[in-house]
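Participant:
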Amino acid sequence: MAQHLREACTCPVCFGHLETPMSLECGYVCCQRCLDSLWKEPLAEGLLCPQCSILSEKDSIVHHVQLDRIVSKIKKLEPRLRAILQLNPRIKKFQVDVTLDVDTAHRHLAISPDLRSVRYARSAQRGSSGAQRFDVSACVLGSPRLESGRSYWEVDVGTSREWDVGVCADAASRRGPLQLSTEHGFWTVGLRLGQIFAACTEPMTELRLLPRLRRLGILLDAELGVLTFCDVADGGHIFTFTGITARPLRPFFSPANTLPDDRGILRICPVPSRSPPLGPPRQPPGGPVCTTEPPAWEPEHKAQWCAGQVPGGELLPS
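Number 106 in UniProt numbering belongs to position 106 of the sequence shown; there are no gaps in the numbering.
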């Protein structure tokens with residue numbers, strides 16, 4: 001993903017960061033200063049694209065404002081993002097012992113005895129039906145409550161084709177169907193239909209991730225209000241939320257529940273018995289950087305990202 005992002009922000013002429021990116025009529029983008037190096041049509045006031053040879057009239061060449069903003073953010077974030085992409089073992093200095101809070105679990109979620117694994121169960125599980133439980137959406141919160149400092153934990157999503165993980169405000173609603181969004185107090189990433197990844201921003205941000213994703217690292221810096229997701233296998237950065245002010249926060253989990261053949265389990269990875277060598281903490285990056293084109297998805301499904309529901313599916317009965 002980082003490689004695709006780097007290519008999108010690199011000028012194909014000078015091979016540096018795009019400076020004032022200009023877009024030809026065909027979509028070819030290069031630096032404003034590099035336009036002079038493109039072939040000019042002798043009999044017209046325009047430029048020929050070096051890739052497709054389509055002529056762009058002078059008036060049709062426009063400043064790519066959105067890409068310019070992205071490049072500016074990347075240039076500021078690059079040093080810190082590089083540290084996250086390497087997933088330095090010292091991050092695990094902040095690893096916390098997260099367990100599942102059975103008192104918050106929807107009654108169709110089965111929790112393991114060690115309080116680290118959760119899966120959807122077709123039959124209702126025993127337990128009290130208190131006000132803390134999710135009554136419609138198949139979700140469960142984790143402990144402890146996170147109010148200060150840095151916290152890191154890892155979640156194994158296995159081969160499940162549907163899940164959501166992240167954090168939510170402890171005060172977020174647990175009643176009725178949940179729309180996962182930052183406006184409603186949820187900061188999560190998730191998978192639908194085995195290929196559609198998204199971050200629950202407002203509006204939703206679709207992500208391009210490889211199907212081999214199995215374990216996510218989640219790093220929360222409560223002081224900075226930053227939540228970062230990484231692929232533990234290769235250290236790849238997935239997504240970063242910023243500006244989180246809600247307190248306290250709770251780890252959030254929602255396993256597959258609308259796909260009949262998916263018996264996927266979400267598992268919280270235990271804290272290692274021996275800590276890795278410690279060192280100075282690295283500050284996580286300050287904003288979302290994923291801009292790659294996602295898999296095809298019908299437009300009507302992009303409006304919201306719901307817990308316990310796939311696009312076009314039915315909500316789980318309470």
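For glycine and all other residues, C-beta sits at the position ideal for the given N, C-alpha and C. Every value quoted in this text rests on a predicted model; they were computed, and no experiment measured them.
1. Count the C-beta pairs between the segment 97-117 and the segment 128-144 that are closer than 8 Å, then say yes if the count reaches three, no if not.
2. So, helix, strand or coil for residue 60, using DSSP?
3. What's the C-alpha gap between residue 238 and residue 152?
4. Quick check: the segment 53-68 against the segment 191-205, are there 3 or more CB pairs under 8 Å?
5. Is residue 250 near residue 168, with beta carbons less than 9 Å apart?
6. Check residue 202 in the structure and name its three-state DSSP category.
7. To the nearest angstrom, how far is the alpha carbon of residue 269 from that of residue 46?
8. Who does residue 169 pair with in a DSSP beta bridge?
9. Would you kindly check if the distance between the Cβ of residue 241 and the Cβ of residue 199 is under 9 Å?
10. Does residue 110 come out as helix, strand or coil in the three-state DSSP assignment?
11. Is residue 183 helix, strand or coil by DSSP?
12. Is residue 123 helix, strand or coil when you go by DSSP?
13. Grouping DSSP H, G and I as helix and E and B as strand, with all else coil, what is residue 134?
14. For residue 13 and residue 32, what's the separation of their Cα atoms in angstroms?
15. Check for me: the beta strand (DSSP E) holding residue 218 runs from which residue to which?
16. Whole angstroms are fine: how far does the CA of residue 202 sit from the CA of residue 59?
17. Does DSSP put residue 74 in a helix, a strand or coil?
18. Taking the continuous beta strand (DSSP E) assigned at residue 53, which residues delimit it?
19. Quick one: grab the DSSP three-state call for residue 94.
20. Within this structure, are the beta carbons of residue 26 and residue 71 separated by less than 9 Å?
21. Which one or two residues does DSSP pair with residue 239 in a beta bridge?
22. Hey, out of 139, 11, 69, 111, whose CA is closest to residue 320's CA?
23. Helix, strand or coil for residue 99, going by three-state DSSP, please let me know.
Facilitator: Taking the structure as given:
1. Between the segment 97-117 and the segment 128-144 there are three or more C-beta pairs closer than 8 Å, enough to call the two in contact.
2. Position 60 of the sequence shown, counting from 1, holds the residue named residue 60. Of the three classes helix, strand and coil, the one that applies to residue 60 here is helix, per DSSP.
3. By 1-based counting over the sequence shown, the position of residue 238 is 238. By 1-based counting over the sequence shown, the position of residue 152 is 152. Spanning the two alpha carbons is a distance of roughly 15 Å.
4. By the C-beta criterion, the segment 53-68 is judged not to be in contact with the segment 191-205, since fewer than 3 inter-stretch pairs fall below 8 Å.
5. As a position in the sequence shown, residue 250 is number 250, starting the count at 1. As a position in the sequence shown, residue 168 is number 168, starting the count at 1. The answer is yes: Cβ separation under 9 Å.
6. To locate residue 202, count along the sequence shown from 1; it is residue 202. In the three-state reduction of the DSSP assignment, residue 202 falls in the coil class.
7. On the sequence shown, position 269 is the one that residue 269 refers to. On the sequence shown, position 46 is the one that residue 46 refers to. Cα atoms of residue 269 and residue 46: separation of roughly 58 Å, rounded to the nearest angstrom.
8. Your numbering for residue 169 matches position 169 in the sequence shown. Listed as beta-bridge partners of residue 169 by DSSP are 249.
9. In the sequence shown, counting from the first residue as 1, residue 199 sits at position 199. In the sequence shown, counting from the first residue as 1, residue 241 sits at position 241. Using a Cβ distance threshold of 9 Å, residue 199 and residue 241 count as a contacting pair.
10. What you label residue 110 is simply residue 110 of the sequence shown in a count that begins at 1. Of the three classes helix, strand and coil, the one that applies to residue 110 here is strand, per DSSP.
11. By one-based count along the sequence shown, residue 183 stands at place 183. DSSP places residue 183 in helix when its eight states are reduced to three.
12. The residue labelled residue 123 in the question sits at position 123 within the sequence shown. Here residue 123 carries a coil assignment [DSSP, helix/strand/coil].
13. One-based indexing of the sequence shown puts residue 134 at position 134. Coil, per DSSP.
14. Looking up residue 13 in the sequence shown gives position 13. Looking up residue 32 in the sequence shown gives position 32. When the Cα atoms are used, residue 13 and residue 32 turn out to be separated by approximately 11 Å.
15. Counted from its first residue, the sequence shown places residue 218 at position 218. Start and end: 215-221.
16. Within the sequence shown, the letter at position 59 stands for residue 59. Within the sequence shown, the letter at position 202 stands for residue 202. Here the alpha carbon of residue 59 sits roughly 34 Å from the alpha carbon of residue 202.
17. Your numbering for residue 74 matches position 74 in the sequence shown. Here residue 74 sits in helix by DSSP.
18. The residue given as residue 53 occupies position 53 in the sequence shown. In the DSSP assignment, residue 53 falls outside any beta strand (DSSP E), carrying neither H nor E.
19. Here the question's residue 94 lines up with position 94 in the sequence shown. Helix.
20. As a first step, residue 26 is located in the sequence shown; it is residue number 26 there, counting from the start. As a first step, residue 71 is located in the sequence shown; it is residue number 71 there, counting from the start. Their beta carbons are not under 9 Å apart, which means residue 26 does not touch residue 71 by this criterion.
21. Mapped onto the sequence shown, residue 239 falls at position 239. Answer by DSSP bridge pairing, in chain order: 229.
22. As shown, the chain starts at 1 and ends at 318. That puts residue 320 outside it, with no answer to give.
23. The sequence position of residue 99 within the sequence shown is 99, counting from 1. Look at residue 99 here: in three-state DSSP terms it is strand.
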